[in-house]
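Chemist:
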Amino acid sequence: MTDASFTARPPRSWERQTVAVMITIGVTILLGMILFATQLGVRAYLNAEGTSAVSPLVSTVVRNSSLFGVMYLLSGFAYVVAFFVWRHRTRELLRRVGDTAGDATRHWAIPLWTAALVASVVLNNAAGLGVDALRTAIRVLGICVLLFGVGSIREQVRRTIRESGVAFRMTDLPTLVPARAATPLPPAATPVSTAGLPSADDQFWDRVRRTAADAGTDLAMLETTDALARRWALIPTDGDLAPLRATLPPGALVTVFTEPPAATGAESFEPGTADEYHGFLEDPESGALWYQSVRPNRIPAFLARTRSARRWALYPAGSPAALSAVTPAAVSAT
Numbered sequence: 000m001t002d003a004s005f006t007a008r009p010p011r012s013w014e015r016q017t018v019a020v021m022i023t024i025g026v027t028i029l030l031g032m033i034l035f036a037t038q039l040g041v042r043a044y045l046n047a048e049g050t051s052a053v054s055p056l057v058s059t060v061v062r063n064s065s066l067f068g069v070m071y072l073l074s075g076f077a078y079v080v081a082f083f084v085w086r087h088r089t090r091e092l093l094r095r096v097g098d099t100a101g102d103a104t105r106h107w108a109i110p111l112w113t114a115a116l117v118a119s120v121v122l123n124n125a126a127g128l129g130v131d132a133l134r135t136a137i138r139v140l141g142i143c144v145l146l147f148g149v150g151s152i153r154e155q156v157r158r159t160i161r162e163s164g165v166a167f168r169m170t171d172l173p174t175l176v177p178a179r180a181a182t183p184l185p186p187a188a189t190p191v192s193t194a195g196l197p198s199a200d201d202q203f204w205d206r207v208r209r210t211a212a213d214a215g216t217d218l219a220m221l222e223t224t225d226a227l228a229r230r231w232a233l234i235p236t237d238g239d240l241a242p243l244r245a246t247l248p249p250g251a252l253v254t255v256f257t258e259p260p261a262a263t264g265a266e267s268f269e270p271g272t273a274d275e276y277h278g279f280l281e282d283p284e285s286g287a288l289w290y291q292s293v294r295p296n297r298i299p300a301f302l303a304r305t306r307s308a309r310r311w312a313l314y315p316a317g318s319p320a321a322l323s324a325v326t327p328a329a330v331s332a333t
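FYI, the numbering for the sequence shown is 0 to 333, going by numbering that gives the first Met the number 0.
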């Protein structure tokens, strides 16, 4: 199921971390520019042999040179650590959409920034206010280049995820079908045959009730109507199936999967062989259930979406372990 209006986006947590890294780099640039201006002001004052006035900014920085030095040092350390942690997590994110080499994190600004830092370190062996100012200027220019690089990498990552079609936010899944609001499947969908299936009578629901009780947790039930509309529901463990049975239309195919939805384990999940799968996702905030028809080539994309879900499941279509039946013309709730 696709939607032309759908746009895959990176997780909000990654976007927030990216902004935090850029702010940290920006603060370091600001402190470096203040230090550079101070060094130039002090140099001009000394070259004028004390005849020129010192600006209030230079005077303030000189009087608080120890505090300012600590702030600049901590800021420099923080932005370097933040950048490398951010780049590592960005590469982990990209591996989930197929960019195993982390190509989207490559940018010419990174080696140029590294070269600027190396050049400033080499100049540490030279002395003098002029050299200090030059060293600071090189560092500030290098950090400015890094800030530009981070912004460019952010756009590269966004583009890579957008092209992959992997949705990391539940709100980015308009193509999925929420529970209790069935939507027709595409015309190309394979018709579902109900021939030979038992009736969803009291005996069938007693079996479903016992299966849910033995599992000790909710089981996923898929309802498929004659119009090929599908929606999820949950079989509760308390045994009260009357409200659920009352919502089922006559002639609907009911499939109860004996393996309950999971909250974790997508990384090691191995799906059984099938031509089609039924995807189950539970919204972590509203608790709404979402259905998605998943083809084998879209399994990695679906598993990436499970990271944003409270619970998830991927069931092979036609699973022999599932309990299937057809609702009769009249359903009596028990």
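Even for Gly, the Cβ is constructed at its ideal location relative to N, Cα and C. Remember, it's a predicted structure, so these values are computed and weren't measured experimentally.
1. Take Leu322 as the anchor and find which of Pro242, Thr216, Ala245, Arg209 has the nearest alpha-carbon.
2. Where does Arg230 sit, in a helix, a strand or coil, going by DSSP?
3. So if DSSP puts Val255 in a beta bridge, which residue, or which two residues, is it bridged to?
4. By how many angstroms is the C-alpha of Ala241 removed from the C-alpha of Thr223?
5. Within a Cβ cutoff of 6 Å, which residues of the same chain sit near Ala81, ignoring the five residues on either side of it in sequence?
6. For Phe279, which three-state DSSP category applies?
7. For Glu281, count the other beta carbons within 10 Å of its own beta carbon; 16 or more makes it buried, fewer makes it exposed. Which is it?
8. With distances taken Cα to Cα, identify the nearest neighbour of Val120 among His277, Trp107, Arg134.
9. What do you get for Phe279, buried or exposed, if any count of 16 or more other CB atoms within 10 angstroms of its CB means buried?
10. Apart from the five residues on each side of it in sequence, which residues of its chain come closer than 6 Å, Cβ to Cβ, to Phe301?
11. Can you tell me the Cα-Cα spacing of Val26 and Ala228, whole angstroms?
12. Buried or exposed for Gln291, please, with buried defined as at least 16 other CB atoms from any protein chain shown within 10 angstroms of its CB.
13. Helix, strand or coil, according to DSSP, for Pro185 in the structure here?
14. Does the distance from the C-beta atom of Ser318 to that of Ala273 stay below 9 Å?
15. Consult DSSP for Thr174 and reduce its assignment to one of helix, strand or coil.
16. Could you tell me the distance, in whole angstroms, from the CA atom of Tyr78 to the CA atom of Arg86?
17. Sort Phe83, Leu243, Thr257, Ile33 by Cα distance to Ile109 and report the nearest one.
18. Using C-beta distances below 6 Å, list every residue in its chain close to Gly75, excluding the 5 sequence neighbours before and after it, in chain order.
19. Buried or exposed: which applies to Val255, given that a residue is buried once 16 or more other Cβ atoms fall within 10 Å of its Cβ?
20. Is Trp204 helix, strand or coil by DSSP?
21. Measuring alpha carbon to alpha carbon, tell me which residue in Ala324, Asp200, Ala261, Gly271 is nearest Arg309.
22. Under 9 Å, do Ile160 and Val96 count as touching if we go by C-beta distance?
23. How many angstroms separate the CA atom of Gly238 from the CA atom of His106?
24. If Asp205 sits next to Pro327, beta carbons under 8 Å apart, how far is it from one beta carbon to the other, in whole angstroms?
25. Taking 9 Å as the cut-off, decide whether the C-beta atoms of Val325 and Leu196 are in contact.
26. According to DSSP, is Trp311 part of a helix, a strand, or is it coil?
27. Could you pull out every residue in the same chain whose Cβ sits closer than 6 Å to the Cβ of Phe268, ignoring the five residues on either side in sequence?
28. Apart from the five residues on each side of it in sequence, which residues of its chain come closer than 8 Å, Cβ to Cβ, to Thr216?
29. Do Thr104 and Leu111 come within 9 Å of each other at the CB atom, strictly closer than that value?
30. Cβ of Val139 within 9 Å of Cβ of Gly68?
31. Who are the near neighbours of Gly101 in its chain, counting only those whose CB is closer than 6 Å to its CB and skipping five residues on each side?
32. Pro9 and Val156: beta carbons closer than 9 Å?
Modeler: On the basis of the supplied data:
1. To locate residue 322, count along the sequence shown from 1; it is residue 323. The closest CA to that of Leu322, considering only Pro242, Thr216, Ala245, Arg209, is found on Arg209.
2. Counting from one through the sequence shown, the residue named residue 230 turns up at place 231. In this structure, Arg230 counts as strand in the three-state DSSP scheme.
3. The count along the sequence shown starts at 1 and reaches residue 255 at position 256. Paired residue(s): Met220, Leu322.
4. The sequence position of residue 223 within the sequence shown is 224, counting from 1. The sequence position of residue 241 within the sequence shown is 242, counting from 1. Roughly 19 Å separates the two Cα atoms.
5. Here residue 81 refers to the residue found at position 82 when the sequence shown is read from its first residue. Closer than 6 Å at Cβ, skipping near neighbours: Val20, Thr23.
6. As a first step, residue 279 must be located in the sequence shown, where it is residue number 280. In the structure shown, Phe279 adopts extended strand secondary structure according to DSSP, grouped into three states.
7. To locate residue 281, count along the sequence shown from 1; it is residue 282. By the neighbour-count rule (16 or more Cβ atoms within 10 Å), Glu281 is buried.
8. As a working note, residue 120 is residue 121 in the sequence shown. The residue with the shortest Cα to Cα distance from Val120 is Arg134.
9. Within the sequence shown, numbered from 1, the residue matching residue 279 stands at position 280. Phe279 should be labelled buried.
10. On the sequence shown, residue 301 is found 302 positions in, with the first residue counted as 1. Counting only Cβ-Cβ distances below 6 Å, and skipping sequence neighbours, we find Gly278, Val293.
11. Residue mapping note: residue 26 aligns to position 27 of the sequence shown, counting from 1. Residue mapping note: residue 228 aligns to position 229 of the sequence shown, counting from 1. Roughly 54 Å between the two C-alpha positions.
12. By 1-based counting over the sequence shown, the position of residue 291 is 292. With 16 or more other Cβ atoms from the protein chains shown falling within 10 Å of its own Cβ, Gln291 counts as buried.
13. As a working mapping, residue 185 is identified with position 186 in the sequence shown. Reliability of the predicted coordinates at Pro185 is poor, the pLDDT of 42 falling under 50, and the value obtained from them is presented with this limitation in mind. In this structure, Pro185 counts as coil in the three-state DSSP scheme.
14. Position 319 of the sequence shown, counted from the first residue, corresponds to residue 318. Position 274 of the sequence shown, counted from the first residue, corresponds to residue 273. Result yes, Cβ atoms of Ser318 and Ala273 sit closer than 9 Å.
15. Position 175 of the sequence shown, counting from 1, holds the residue named residue 174. Low per-residue confidence applies at Thr174: pLDDT is 45, beneath 50, and the placement is therefore not dependable, though the value from the model is reported in the following sentence. Reduced to three states, the DSSP call for Thr174 is coil.
16. Against the sequence shown, residue 78 aligns to sequence position 79. Against the sequence shown, residue 86 aligns to sequence position 87. Near 12 Å, if we compare the C-alpha coordinates of Arg86 and Tyr78.
17. Translated into the one-based positions of the sequence shown, residue 109 becomes position 110. In terms of Cα proximity to Ile109, the closest of Phe83, Leu243, Thr257, Ile33 is Phe83.
18. Mapped onto the sequence shown, residue 75 falls at position 76. A distance below 6 Å between beta-carbons, with the five flanking residues on each side excluded, links Gly75 to the following residues of its chain, in chain order: Thr27.
19. Reading the sequence shown from its first residue, position 256 is the one you call residue 255. Flag for Val255 reads buried.
20. The residue labelled residue 204 in the question sits at position 205 within the sequence shown. Correct three-state label for Trp204: helix.
21. For the purposes of this step, residue 309 is identified with residue 310 of the sequence shown, where counting begins at 1. Cα-wise, what sits closest to Arg309 is Ala261.
22. For the purposes of this step, residue 160 is identified with residue 161 of the sequence shown, where counting begins at 1. For the purposes of this step, residue 96 is identified with residue 97 of the sequence shown, where counting begins at 1. A contact, by the Cβ cut-off of 9 Å.
23. Counted from its first residue, the sequence shown places residue 238 at position 239. Counted from its first residue, the sequence shown places residue 106 at position 107. If you take the alpha carbons of Gly238 and His106, they lie about 58 Å apart.
24. Counting from 1 along the sequence shown, the entry for residue 205 is found at position 206. Counting from 1 along the sequence shown, the entry for residue 327 is found at position 328. No, Asp205 and Pro327 are not in contact; Cβ-Cβ is about 15 Å, not under 8 Å.
25. Working through the sequence shown from its first residue, we reach residue 325 at position 326. Working through the sequence shown from its first residue, we reach residue 196 at position 197. A contact, by the Cβ cut-off of 9 Å.
26. Residue 311 sits at position 312 when you count from the first residue of the sequence shown. Secondary structure of Trp311 (DSSP, three-state): strand.
27. If you number the sequence shown from 1, residue 268 lands on position 269. Excluding sequence positions up to five before and after Phe268, its CB lies less than 6 Å from no other CB in the same chain.
28. The residue labelled residue 216 in the question sits at position 217 within the sequence shown. Excluding residues within five positions, the ones whose Cβ falls inside 8 Å are Thr236, Pro259.
29. Counted from its first residue, the sequence shown places residue 111 at position 112. Counted from its first residue, the sequence shown places residue 104 at position 105. For Leu111 and Thr104, no; Cβs fall outside 9 Å.
30. The residue you call residue 139 lines up with position 140 of the sequence shown. The residue you call residue 68 lines up with position 69 of the sequence shown. Between Val139 and Gly68, the C-beta spacing is not below 9 Å.
31. As a working note, residue 101 is residue 102 in the sequence shown. Excluding residues within five positions, the ones whose Cβ falls inside 6 Å are Arg90, Leu93.
32. Position 10 of the sequence shown, counting from 1, holds the residue named residue 9. Position 157 of the sequence shown, counting from 1, holds the residue named residue 156. Taking the C-beta atoms as reference points, Val156 is found nearer than 9 Å to Pro9.
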